[in-house]
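**Student:**
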Amino acid sequence: MAYGFEAKNDSGKVIINDTIENLHFIGKATHDSQYTGYTNFPTYSGANDTLDGNTICYYTITCSGTPVPFIKPTDYSRWTGIIKQSVSGQTWTFHVMCSGASTGNMPQIYCFVNADDIAIPSGETHGMIVFKADGSTKTFDSRRQPLAITGGGNALPPVDPTNSSGLPGVTNNAAWQSSSLDHDFRSGNQYTAYSDSNINTSNTMFSCPSIAQAVYSRVINGYKSSNIPWYEGGGSQEHWSTAWWWVMYRSTFRLRSGNFDAGWTCYQAGYWYSENYESGGWFSGGSGGYTSGNRPYDNKTINRQANAYIIADSSRYD
Amino acid sequence: MSYGLSVFKADGSLGFSTADVTWQTVAQFTVAANATVVNTYSEIAGMTVIAQRQLVNVPPAAQEDYVPNVTVSNNSQTITVAPQSGLSSSQCIIHVLAQDT
Numbered sequence: 000m001a002y003g004f005e006a007k008n009d010s011g012k013v014i015i016n017d018t019i020e021n022l023h024f025i026g027k028a029t030h031d032s033q034y035t036g037y038t039n040f041p042t043y044s045g046a047n048d049t050l051d052g053n054t055i056c057y058y059t060i061t062c063s064g065t066p067v068p069f070i071k072p073t074d075y076s077r078w079t080g081i082i083k084q085s086v087s088g089q090t091w092t093f094h095v096m097c098s099g100a101s102t103g104n105m106p107q108i109y110c111f112v113n114a115d116d117i118a119i120p121s122g123e124t125h126g127m128i129v130f131k132a133d134g135s136t137k138t139f140d141s142r143r144q145p146l147a148i149t150g151g152g153n154a155l156p157p158v159d160p161t162n163s164s165g166l167p168g169v170t171n172n173a174a175w176q177s178s179s180l181d182h183d184f185r186s187g188n189q190y191t192a193y194s195d196s197n198i199n200t201s202n203t204m205f206s207c208p209s210i211a212q213a214v215y216s217r218v219i220n221g222y223k224s225s226n227i228p229w230y231e232g233g234g235s236q237e238h239w240s241t242a243w244w245w246v247m248y249r250s251t252f253r254l255r256s257g258n259f260d261a262g263w264t265c266y267q268a269g270y271w272y273s274e275n276y277e278s279g280g281w282f283s284g285g286s287g288g289y290t291s292g293n294r295p296y297d298n299k300t301i302n303r304q305a306n307a308y309i310i311a312d313s314s315r316y317d
Numbered sequence: 000m001s002y003g004l005s006v007f008k009a010d011g012s013l014g015f016s017t018a019d020v021t022w023q024t025v026a027q028f029t030v031a032a033n034a035t036v037v038n039t040y041s042e043i044a045g046m047t048v049i050a051q052r053q054l055v056n057v058p059p060a061a062q063e064d065y066v067p068n069v070t071v072s073n074n075s076q077t078i079t080v081a082p083q084s085g086l087s088s089s090q091c092i093i094h095v096l097a098q099d100t
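Protein sequences, first through last, are from chains A and B. So in numbering that gives the first Met the number 0, spot 130 of the first sequence is number 129, and the numbers just go up one at a time. So in numbering that gives the first Met the number 0, spot 72 of the second sequence is number 71, and the numbers just go up one at a time.
#1: If we cut at 7 Å on Cβ distances, does B/Q90 have a partner in chain A?
#2: Take B/V69 and list the residues in its own chain whose beta-carbon comes closer than 8 Å to its own, dropping the five residues that flank it on each side.
#3: Less than 7 Å between the beta carbons of A/P156 and A/W263, yes or no?
#4: Rounded to whole angstroms, what's the CA-CA distance from A/T124 to B/L86? Just pull it up for me.
#5: Answer with yes or no whether the minimum CB distance from A/T18 to chain B is below 7 Å.
#6: Can you have a look at A/W229 and say buried or exposed, based on whether 16 or more other CB atoms are within 10 angstroms of its CB?
#7: So, does the stretch 4 to 14 of chain B touch the stretch 297 to 310 of chain A, judging by three or more C-beta pairs under 8 Å?
#8: Run the CB neighbour count on B/L96, radius 10 Å, all protein chains shown included, and call it buried at 16 or more, exposed below.
#9: From the DSSP output, read off the bridge partner residues of A/C110.
#10: Go to A/M204, then tell me how far its beta strand (DSSP E) extends in each direction, as first and last residue.
#11: Taking the beta carbon of B/L13 as the centre, do at least 16 other beta carbons fall within 10 Å, making it buried, or is it exposed?
#12: From which residue to which residue does the beta strand (DSSP E) around A/S186 run?
#13: Which one or two residues does DSSP pair with A/K299 in a beta bridge?
#14: Taking the beta carbon of A/D195 as the centre, do at least 16 other beta carbons fall within 10 Å, making it buried, or is it exposed?
#15: To test your reading of the DSSP string, which unbroken alpha helix (DSSP H) runs of 4 or more residues are found completely within the stretch 68 to 105 of chain A?
#16: Could you check if A/I14 is buried or exposed, using at least 16 other CB atoms within 10 Å of its CB as the buried criterion?
#17: Assuming A/I70 and A/F205 are in contact, meaning their beta carbons sit under 8 Å apart, how far apart are those beta carbons, in whole angstroms?
#18: For A/M204, which residues in chain B fall below 7 Å Cβ to Cβ?
#19: Among A/T90, A/I19, A/A46 and A/M105, which residue has its Cα nearest to the Cα of A/S178?
#20: Looking at chain A, is there any beta carbon in it that lies within less than 7 Å of the beta carbon of B/I78?
#21: Quick one: which residues of the stretch 42 to 57 of chain B get their C-beta closer than 8 Å to a C-beta of chain A? List them in chain order.
#22: I'd like to know if A/N188 contacts chain B, where contact means its C-beta is closer than 7 Å to some C-beta of that chain.
#23: Keeping to the same chain, check which residues put their C-beta closer than 7 Å to that of A/M127; ignore five residues upstream and five downstream.
#24: Would you verify that the beta carbon of B/T70 is, or is not, closer than 7 Å to some beta carbon of chain A?
#25: Any idea what DSSP makes of A/S273, helix, strand or coil?
#26: For the candidate residues A/V214, A/A213, A/S225 and A/G269, whose alpha-carbon lies nearest to that of A/W175?
#27: Looking at the C-beta of B/V31, does it have a partner C-beta in chain A at a distance below 7 Å?
#28: Leaving out the 5 sequence neighbours to the left and right, which residues in its chain are closer than 8 Å to A/Y34 when beta-carbon positions are compared?
#29: Please classify B/Y40: does DSSP put it in a helix, a strand, or coil?
#30: Less than 6 Å between C-beta atoms, sequence neighbours within five positions excluded: which residues of the same chain meet that for B/F15?
#31: Go ahead and pull the three-state DSSP assignment for A/D116.
#32: Is it true that the stretch 266 to 278 of chain A meets the stretch 106 to 125 of chain A, where meeting means three or more beta-carbon pairs spaced less than 8 Å apart?
#33: Give me the residue from A/Y193, A/I60 and A/T161 with the minimum Cα distance to A/H30.
#34: Tell me which residues share the same chain as A/N367 and place their Cβ nearer than 8 Å to its Cβ, disregarding the 5 neighbours each side in the sequence.
#35: Mind reading off the beta-carbon distance from B/N56 to A/K83? Whole number of angstroms is fine, and I expect it under 8 Å.
#36: Here's a check: name, in chain order, each residue in its chain whose Cβ is nearer than 7 Å to the Cβ of B/V37, leaving out the five neighbours to either side.
Below is the structure:
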């Protein structure tokens, strides 16, 4: 280069220059509130009622520029993912979903922005700044910690988010009033592991938005035909029932020693049951049932695409 | 270290140095629902490029939200963001990051 600034690392790769901006740490987002849910199927009780549960936490940070958030787990056994990021003025809100219903041990969110978006108090007058050729846009500012990474790659969760073997389906002609769930909708065993020897469960944090979603259902249709006694008029009477469980998932991630895991956590769930029978004999027809929530869309996994993840050491920014 | 660049924090501890590895940020932009955006950055020619996608304002009812596809082409210089084939896409934040190769 004829002018400007360029720093290469020990591998000869450019890490600072005057054309591309470095990300710098601007602080941790503030944990404002959270809500919990879905430790089981609403309105259903019986076999396989248990779900992983979730806690959705809200975090905010005010800054110019668009922050790149990193999740630093406090409880590394929980699955976490940022499912939504929005802005009002310069205040950014992150919705972070964690597996499990405990409101303790929520993760911390470390935020990074471009060098040029850092607000530096007037009293901080020492350090090194690298500008672009325009002489005003910063690419590097030593007064804030630049992002240094320890690993990364592309993450892809498995198609099937449910612990039971195979995807749940539809059974017809089961016994009338069948309403016992035979599929495990939890997700703890369903993940793709990416090996990375730099990952530990003390300081490691990651950046990887949750984009994959899935909805799956188990449906059991019951039926019986009963004979009507001759003294009630004879013939037959048909009975139908439907039991329908559904779960919506969002992709979430977990750090284990030596591994980055891409998996799933239940986001919503519902149960629907109905039964009816036709008129016959001395009895008129009838129906009944109950429902909880609406299935967002038909069974499928969407947005299952290679998603870039970045691994870093949070202790540099504490 | 005997050569290179070290940047120290105000407390004197090492903050960043030429022993480190990083991703530099090329661009950040928000793509509107169903929009197609093509941006070219000549300064990242030949570099390794990744793009993170973050959905914005996903409705609480969690409807079917599709992220747009991101493709990197033209010797890593061109970033194309477009809806998945045959699907509408939701509003999405795109972070384009580059690393020297």
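Beta carbons: idealized from backbone N, C-alpha and C, even for Gly. Just so we're clear, the structure is a prediction, and the values are computed from it rather than from any experiment.
**Tutor:** Based on what the coordinates show:
#1: Position 91 of the second sequence holds residue 90 of chain B. So, not an interface residue.
#2: The sequence position of residue 69 of chain B within the second sequence is 70, counting from 1. Closer than 8 Å at the Cβ level, and outside the excluded window around B/V69, lie A50, R52, I78, T79, V80 and I93.
#3: For the purposes of this step, residue 156 of chain A is taken as the residue at position 157 of the first sequence. For the purposes of this step, residue 263 of chain A is taken as the residue at position 264 of the first sequence. The answer is yes: Cβ separation under 7 Å.
#4: Position 125 of the first sequence, counted from the start, is the residue given in the question as residue 124 of chain A. Position 87 of the second sequence, counted from the start, is the residue given in the question as residue 86 of chain B. Taking the straight line from one Cα to the other gives about 51 Å.
#5: Here residue 18 of chain A refers to the residue found at position 19 when the first sequence is read from its first residue. Cβ-Cβ to chain B under 7 Å: yes for A/T18.
#6: Along the first sequence, read from residue 1 onward, the residue named residue 229 of chain A stands at position 230. It is exposed - the Cβ of A/W229 has fewer than 16 other Cβ atoms within 10 Å.
#7: no
#8: Here residue 96 of chain B is taken as the residue at index 97 of the second sequence, counted from 1. By the 10 Å Cβ count, B/L96 comes out buried.
#9: By 1-based counting over the first sequence, the position of residue 110 of chain A is 111. The partner list for A/C110 (beta bridge, DSSP) reads A/G26 and A/P68.
#10: Residue 204 of chain A sits at position 205 when you count from the first residue of the first sequence. Per DSSP, A/M204 belongs to the beta strand (DSSP E) from T203 to S206.
#11: Sequence index remark: in the second sequence, residue 13 of chain B carries index 14 (1-based). Burial call: exposed.
#12: As a first step, residue 186 of chain A is located in the first sequence; it is residue number 187 there, counting from the start. That residue, A/S186, is in no beta strand (DSSP E); it is neither H nor E in DSSP.
#13: Within the first sequence, residue 299 of chain A is the residue found at index 300, counting from 1. Its beta-bridge partners are A/V214.
#14: If you number the first sequence from 1, residue 195 of chain A lands on position 196. So A/D195 ends up on the buried side.
#15: none
#16: The residue you call residue 14 of chain A lines up with position 15 of the first sequence. By the 10 Å Cβ count, A/I14 comes out buried.
#17: Taking the first residue of the first sequence as position 1, residue 70 of chain A is located at position 71. Taking the first residue of the first sequence as position 1, residue 205 of chain A is located at position 206. The pair is a contact, with the Cβ atoms about 6 Å apart (cut-off 8 Å).
#18: Here the question's residue 204 of chain A lines up with position 205 in the first sequence. Ordered by position in chain B, no residue passes the 7 Å Cβ test against A/M204, which lies about 14 Å from the chain.
#19: Locating residue 178 of chain A in the first sequence gives position 179, where the first residue counts as 1. Checking every option, the nearest Cα to that of A/S178 belongs to A/A46.
#20: Against the second sequence, residue 78 of chain B aligns to sequence position 79. Cβ-Cβ to chain A under 7 Å: no for B/I78.
#21: E42, I43, I49, A50, Q51, R52, Q53, L54, V55, N56 and V57
#22: Translated into the one-based positions of the first sequence, residue 188 of chain A becomes position 189. Answer no: the Cβ-Cβ gap between A/N188 and chain B never drops below 7 Å.
#23: If you number the first sequence from 1, residue 127 of chain A lands on position 128. Here the set comprises S141.
#24: Start at 1 with the first residue of the second sequence, and residue 70 of chain B comes out as number 71. Chain A, which has no Cβ nearer than 7 Å to the Cβ of B/T70, makes this no.
#25: On the first sequence, position 274 is the one that residue 273 of chain A refers to. A/S273 falls in the strand class under three-state DSSP.
#26: Locating residue 175 of chain A in the first sequence gives position 176, counting from the first residue. Nearest C-alpha to A/W175: A/S225.
#27: Position 32 of the second sequence, counting from 1, holds the residue named residue 31 of chain B. Reading off the sequence shown, one finds Ala at residue 31 of chain B, where the question assumed Val. No, no contact with chain A.
#28: Walking along the first sequence from the start, residue 34 of chain A turns up at place 35. The residues are T54 and I55.
#29: Along the second sequence, read from residue 1 onward, the residue named residue 40 of chain B stands at position 41. Three-state result, B/Y40: coil.
#30: Against the second sequence, residue 15 of chain B aligns to sequence position 16. Around B/F15: V6.
#31: Counted from its first residue, the first sequence places residue 116 of chain A at position 117. Reduced to three states, the DSSP call for A/D116 is helix.
#32: no
#33: Along the first sequence, read from residue 1 onward, the residue named residue 30 of chain A stands at position 31. It is A/I60 whose Cα lies nearest to the Cα of A/H30.
#34: Residue 367 of chain A is absent from the model: chain A starts at 0 and stops at 317.
#35: Position 57 of the second sequence holds residue 56 of chain B. Position 84 of the first sequence holds residue 83 of chain A. About 7 Å; that satisfies the 8 Å criterion.
#36: In the second sequence, counting from the first residue as 1, residue 37 of chain B sits at position 38. Result list for B/V37: T77 and T79, in chain order.
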